[in-house]
């Protein structure tokens, strides 16, 4: 059977490793931070327990954990045939881990990135065979979300896409395939929406609850843009906007002053209990219209779009 | 025969914890998940809480939302797990 490697053992890396291991695959997780390697097994265990509770898996937490190896050594990556990169959205870091993993992968290995905004063709420059690069934009929490935005660069090979969608199928997930570009479809639109929603709030057109109510009650969206931003984390929003600004040069992606101010004040959303909204742990109290257990949790704290 | 904790005490402790989760005291038979009072992450907090507070091990087969969705169901679950 093919070997799998996940680069980065943070929220997304743990979620993707859980998905792979729950589907019966053995996975090596490369994570340089000792603290993150130590926390990883507990996060995965909690993730499997939650997925089981929500009847999303029959997997046994201990069996899933038994299929995952955690390492900070590239030579222990195990010559993977499929690599999923889940490191933070910083270009030098992406370059470093993609180059290192590419060198140690099996011939013809697919390198999939979980980037939420960096164009795939930009990442493809750093691997030997750019046709093997693809984007797998998992949503958070990865084990509970059924659909993945799959982004193909101009050089992505059809075989790379086929192997990716087949793998996602084995994980019980569907792919929505889109072309390349900063933020793909999801975040190019969502980040702009959130930025504008923050501007609307700053200009006093409506307060945060009202902005969200328009989307939730008039449009029937499950969650308005400001509540979505709080769930993702306002720091992540600002970081993603920075990537979009860098790759598009479009000033619309410059964070609106209110957004930047909230982040510098440490109001990061759900994970700090305070963002555009003051959060309640129940995340829905006094906020009508949400169905049963509709809001997906931000497992392990940080979330992302 | 059960020789574990008194039901009222267990229920009281669970009610207190759930109240802290939902910021309101629920009826003991109220399904806080269905009411949308808590998100699904809270399910995991409930598991962790009963494990630590009552010294029980929630096994893979116990991980069923039905054991956790009301204070009374939780109480029943804890009493079964702590029974001698």
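Residue numbers (the working numbering), protein chains in the order written: chain U, 86 to 390; chain B, 27 to 110.
Ideal Cβ positions, reconstructed from N, Cα and C, are used throughout, including at glycine.
Predicted model only: the values in this text are computed from it and were never measured.
Under 7 Å from the C-beta of residue i: neighbouring residues of chain U
i: residue 73 of chain B; result: 134
i: residue 86 of chain B; result: 137, 145 and 146
Amino acids of chain U, ordered along the chain, whose beta-carbon sits closer than 8 Å to that of residue i
i: residue 89 of chain B; result: 134, 137 and 138
Proximity winner among the options, relative to residue i (alpha-carbon distances)
i: residue 41 of chain U; options: U:206, U:100 and U:292; result: Because chain U spans 86 through 390 in this model, residue 41 of chain U falls outside it and cannot be assessed.
i: residue 157 of chain U; options: U:114, U:190, U:124 and U:141; result: U:114
i: residue 245 of chain U; options: U:193, U:204 and U:258; result: U:193
i: residue 169 of chain U; options: U:199, U:240, U:144 and U:188; result: U:199
i: residue 89 of chain U; options: U:282, U:252 and U:312; result: U:252
i: residue 312 of chain U; options: U:294, U:344 and U:272; result: U:294
i: residue 43 of chain B; options: B:61, B:82, B:69 and B:107; result: B:69
i: residue 174 of chain U; options: U:345, U:328, U:335 and U:339; result: U:328
i: residue 278 of chain U; options: U:242, U:260, U:300 and U:259; result: U:300
i: residue 306 of chain U; options: U:275, U:331 and U:334; result: U:275
i: residue 63 of chain B; options: B:75, B:83 and B:50; result: B:50
i: residue 108 of chain U; options: U:150, U:139 and U:92; result: U:150
Short CB-CB distance (under 7 Å) between residue i and chain A
i: residue 41 of chain B; result: Annotation note: the requested chain A is absent from the structure, which comprises protein chains U and B.
Exposure label - residue i; buried when at least 16 CB within 10 Å
i: residue 77 of chain B; result: exposed
i: residue 59 of chain B; result: buried
i: residue 161 of chain U; result: exposed
i: residue 188 of chain U; result: exposed
i: residue 304 of chain U; result: exposed
i: residue 363 of chain U; result: exposed
i: residue 210 of chain U; result: exposed
i: residue 371 of chain U; result: Any reading at residue 371 of chain U must be qualified, since the residue scores a pLDDT of 32, below 50, and its modelled position is unreliable; the value itself is stated next. When all chains shown are included, residue 371 of chain U counts as exposed.
i: residue 324 of chain U; result: buried
i: residue 336 of chain U; result: exposed
i: residue 232 of chain U; result: exposed
i: residue 143 of chain U; result: exposed
i: residue 321 of chain U; result: buried
i: residue 164 of chain U; result: exposed
i: residue 120 of chain U; result: exposed
i: residue 282 of chain U; result: buried
i: residue 106 of chain B; result: exposed
Amino acids of chain U, ordered along the chain, whose beta-carbon sits closer than 9 Å to that of residue i
i: residue 100 of chain B; result: None at all; the shortest Cβ gap to chain U is about 13 Å.
is_contact[residue i, chain B] using C-beta, thresh 7 Å
i: residue 131 of chain U; result: yes
i: residue 145 of chain U; result: yes
i: residue 368 of chain U; result: Bear in mind that a pLDDT of 40 at residue 368 of chain U, under 50, signals an unreliable position, so the model cannot answer this.
i: residue 105 of chain U; result: no
Chain U within 7 Å of residue i, Cβ atoms only
i: residue 106 of chain B; result: no
i: residue 109 of chain B; result: no
i: residue 7 of chain B; result: An answer regarding residue 7 of chain B cannot be provided, because it is not within the stretch 27 to 110 covered by chain B.
Integer-rounded CB distance, given that residue j should sit under 8 Å from residue i
i: residue 262 of chain U; j: residue 237 of chain U; result: 6 Å
i: residue 342 of chain U; j: residue 291 of chain U; result: Incorrect: roughly 18 Å between the Cβ atoms, too far for contact.
i: residue 36 of chain B; j: residue 104 of chain B; result: 5 Å
i: residue 130 of chain U; j: residue 146 of chain U; result: 5 Å
i: residue 265 of chain U; j: residue 206 of chain U; result: 6 Å
i: residue 217 of chain U; j: residue 242 of chain U; result: 7 Å
i: residue 54 of chain B; j: residue 98 of chain B; result: 5 Å
i: residue 355 of chain U; j: residue 316 of chain U; result: 5 Å
i: residue 98 of chain U; j: residue 171 of chain U; result: 4 Å
i: residue 96 of chain U; j: residue 272 of chain U; result: Going by Cβ atoms, the distance from residue 96 of chain U to residue 272 of chain U rounds to 17 Å, so no, they are not a contact pair.
i: residue 186 of chain U; j: residue 256 of chain U; result: About 20 Å separates the two Cβ atoms, so there is no contact after all.
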